[in-house]
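Comments concern the structure below.
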Amino acid sequence: MEAKLTLVGAGPGDSELITLKGMRALQSADVVLYDELANAAFLEFAPAHALKMYVGKKVGQPSFSQGEINGLIVRLARKRGHVVRLKGGDPFVFGRGHEEMEYARDHGIPCTMVPGITSSIAVPASLEIPVTRRGASESFWVITGTTQAGELSDDIRLAAQSKATVIVLMGLNKLEEICALYKHFGRGHLPMAVIQNGTRPDEKSVVGQVWEMPRLVRESGISTPAIMVMGEVVALSPAYALEYLQNMQMAF
-15 MEAKLTLVGA GPGDSELITL KGMRALQSAD VVLYDELANA AFLEFAPAHA
35 LKMYVGKKVG QPSFSQGEIN GLIVRLARKR GHVVRLKGGD PFVFGRGHEE
85 MEYARDHGIP CTMVPGITSS IAVPASLEIP VTRRGASESF WVITGTTQAG
135 ELSDDIRLAA QSKATVIVLM GLNKLEEICA LYKHFGRGHL PMAVIQNGTR
185 PDEKSVVGQV WEMPRLVRES GISTPAIMVM GEVVALSPAY ALEYLQNMQM
235 AF
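For the sequence shown, this note's numbering assigns the number -15 to the initial residue and increments by one for each residue that follows.
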């Protein structure tokens, strides 16, 4: 029995958007510790003998602390062998994956990282929103909506003044503030999308412009987990074109 940790990015939610390397790691797991954003269908790849344990975190519900998860990784690796830590998206994009690997290594557990498809790119792509497009966007920002202190990230103020595509993760509770900030900089008519459970069968999304997005989100019933996309590239989505056409018809 070899104690080791493999950190696996599970992708944005679609059960087919895990890498082959990630799937093979699961097939050799003795323990799978999976989070809220990792599709439970992935557990079918793990051997029957493997311990499968949910350690996700969800706002407003009892959950493991990061310290408890770190401790579990080390204890279970020593007791059972190969621990696969399955995390949604890519574990190094606001996933605290590096912290978990660092803790394991500090306690003598060898580690391997298997990158995942990040929701910040894949979820917009699933709605045919490219995060970059020649003539429309030369770069993109990926920003956490809420800092460790629970405040709006200062980077959003900078991003709101940029021509870059801006993708905000974990920021739906700051939607009003973010939209107000964009309007403050004269960008209230910028195309915007909010997407819940992107790439999954229960995906919900709404497209429009910044100024109207808080109302559209309320009316559509969208909740977490959701990402926000602001930028001219949103207008390239077929859903945005349809929304624009419907609004024109209503106007006349």
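For every residue, glycine included, the Cβ atom is placed at its ideal position computed from N, Cα and C.
Here the structure is a predicted model, which is why all the values come from computation and not from measurement.
Just reading off the alpha helix (DSSP H) that residue i is part of, what are its end residues?
i: leucine 56; result: 50 to 64
i: glutamine 11; result: 4 to 11
i: serine -1; result: Unbroken run through serine -1: none, as it is neither H nor E.
i: leucine 159; result: 159 to 168
i: leucine 200; result: 197 to 204
i: isoleucine 105; result: 103 to 110
Bridge partners of residue i, per DSSP?
i: cysteine 95; result: Leu(-11)
i: alanine 210; result: Gln180
i: lysine 36; result: Val16
i: arginine 118; result: The partner list for arginine 118 (beta bridge, DSSP) is empty, contrary to what the question assumes.
i: threonine 130; result: Leu136
i: proline 175; result: Gln193
Assign residue i to one of three DSSP states: helix, strand, or coil.
i: phenylalanine 124; result: strand
i: isoleucine 140; result: helix
i: leucine 226; result: helix
i: glycine 81; result: helix
i: arginine 69; result: strand
i: leucine 220; result: helix
i: methionine 232; result: At methionine 232 the pLDDT is 47, less than 50, meaning the model places this residue with poor confidence and gives no usable figure here.
i: phenylalanine 26; result: helix
i: aspartate 90; result: helix
Assuming residue i is part of the beta strand (DSSP E), what are its boundary residues?
i: serine 189; result: 188 to 193
i: valine 152; result: 149 to 153
Should residue i be flagged as near chain B, meaning a C-beta pair shorter than 8 angstroms?
i: aspartate 139; result: Absence of chain B from the displayed structure is noted, only one protein chain being present.
Beta-carbon separation of residue i and residue j under 8 angstroms?
i: valine 265; j: leucine 60; result: The structure shown does not extend to residue 265, since the chain spans only -15 to 236, so no value can be given for it.
i: glycine 72; j: aspartate 19; result: yes
i: glutamate 83; j: isoleucine 57; result: no
i: alanine 223; j: glutamine 180; result: no
i: glycine -7; j: aspartate 74; result: yes
i: alanine 106; j: glutamate 216; result: no
i: valine 178; j: methionine 154; result: no
i: serine 146; j: valine 191; result: no
i: valine 218; j: proline 175; result: yes
i: phenylalanine 124; j: isoleucine 101; result: no
i: histidine 168; j: tryptophan 195; result: no
i: threonine -10; j: histidine 66; result: yes
i: alanine 30; j: alanine 13; result: yes
i: arginine 171; j: alanine 144; result: yes
i: alanine 9; j: valine 98; result: yes
i: methionine 212; j: tyrosine 166; result: no
i: lysine -12; j: proline 94; result: yes
i: phenylalanine 48; j: valine 39; result: yes
With hydrogens ignored, establish whether the beta-carbon of residue i is closer than 7 angstroms to any heavy atom of the ligand SAM.
i: valine 201; result: Annotation note on the ligand SAM: not contained in the displayed structure, which lists no ligands.
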